[in-house]
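Printed below as a string of C-alpha cells:
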C-alpha cells in the first residue's frame, strides 16, 4: 500500500487588485486621486454661462 498523499489546504482566494496596497502606501490614495480628478475637471474651467439666470 502506498503512503497517503497529504492533502494541501485550499489556497486563499486572490485578493482584488484594488484591495492590495504596498507597505507604506496609503490605501485611500486612489480614491483621493479620483475625487481630485473629477473636482479638477469641473472647477478648472469657467462656469457654464448657460446655467446662470439672466
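Residue numbers (the UniProt record's numbering): 1 to 54.
Even glycine gets a Cβ: it sits at the ideal position worked out from N, Cα and C.
In this text, all values refer to a predicted model and were calculated from it rather than measured experimentally.
- In the displayed model, residue 42 falls within a helix according to three-state DSSP.
- In the three-state reduction of the DSSP assignment, residue 4 falls in the coil class.
- The beta carbon of residue 35 sits closer than 6 Å to no other beta carbon from its chain once the five residues preceding and following it are set aside.
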